[in-house]
Amino acid sequence: AAPMEGFVQLAHFSAYNPDKNMQAFNAKFKKKFGVDANIMAGAYDAVLFWAAAVEKAKSFDSDKVAEAQEGMCVDNTHIGRQCIRKEDHQVVMDMHLYQVKGGKNIPIATLLGKDTIGEPMVGKDPVEGFTWELKKK
Numbered sequence: 564a565a566p567m568e569g570f571v572q573l574a575h576f577s578a579y580n581p582d583k584n585m586q587a588f589n590a591k592f593k594k595k596f597g598v599d600a601n602i603m604a605g606a607y608d609a610v611l612f613w614a615a616a617v618e619k620a621k622s623f624d625s626d627k628v629a630e631a632q633e634g635m636c637v638d639n640t641h642i643g644r645q646c647i648r649k650e651d652h653q654v655v656m657d658m659h660l661y662q663v664k665g666g667k668n669i670p671i672a673t674l675l676g677k678d679t680i681g682e683p684m685v686g687k688d689p690v691e692g693f694t695w696e697l698k699k700k
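So for the sequence shown, the numbering used here puts the first residue at 564; every next one is plus one.
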């Protein structure tokens, strides 16, 4: 941990973040697996969104589930409220800057999702020669 001391990173999860949602998620994870949670918390949230969309669509059909997720917000994620932007299905959530102090990722700043998300990328090529081919039935 000593070589990393002072290192700053942007992430959506740290077991040392005092946020009540992260602490609740970490407590459940640690009880089940015996170790602190990690960035796989995002996979947990993806399942929450999928389940909510399946329930809303009343179907397991992937196109119906994807459509049901458009504009959907879920409040009980590891980081609190997250929403899926309709235009490009990008998840909008707050992110945190963490600094390694004593071997722990300690939050030093919060970046609000609404302020950092950027414009939708559908139909735009972020790098010359690369294309996003999102097709909808």
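Ideal Cβ placement from N, Cα and C applies to all residues, glycine included.
Anticipated Cβ contact below 8 angstroms, residue i with residue j, distance rounded
i	j	result
P683	E650	4 angstroms
A672	H659	7 angstroms
A574	Y661	6 angstroms
F588	A604	6 angstroms
Residue i versus residue j - alpha carbon distance
i	j	result
G569	D626	45 angstroms
K619	D599	32 angstroms
F623	R648	21 angstroms
N701	N580	Because residue 701 is not part of the residues shown, which for the chain are 564 to 700, the question remains open.
I680	P566	32 angstroms
A590	D657	21 angstroms
V663	V571	7 angstroms
F596	K621	32 angstroms
G666	C636	34 angstroms
F612	V654	10 angstroms
D608	F576	12 angstroms
D678	F592	30 angstroms
Buried versus exposed call for residue i [16 or more other C-beta atoms within 10 Å across all chains shown]
i	result
G676	buried
V628	buried
V610	exposed
D638	exposed
N668	buried
A606	exposed
A535	No answer is possible for residue 535: the residues shown for the chain start at 564 and end at 700.
Residue span of the alpha helix (DSSP H) that contains residue i, given as start and end
i	result
M585	583–596
Q632	625–632
Y607	604–620
G676	676–679
Unbroken beta strand (DSSP E) run spanning residue i, endpoints
i	result
I642	Neither: I642 is in no beta strand (DSSP E) and is coded neither H nor E.
A578	First-last for A578: undefined, no H or E at that position.
A574	571–574
M658	658–664
I want to know whether the stretch 584–596 touches the stretch 636–644 - three or more CB-CB distances under 8 angstroms.
yes
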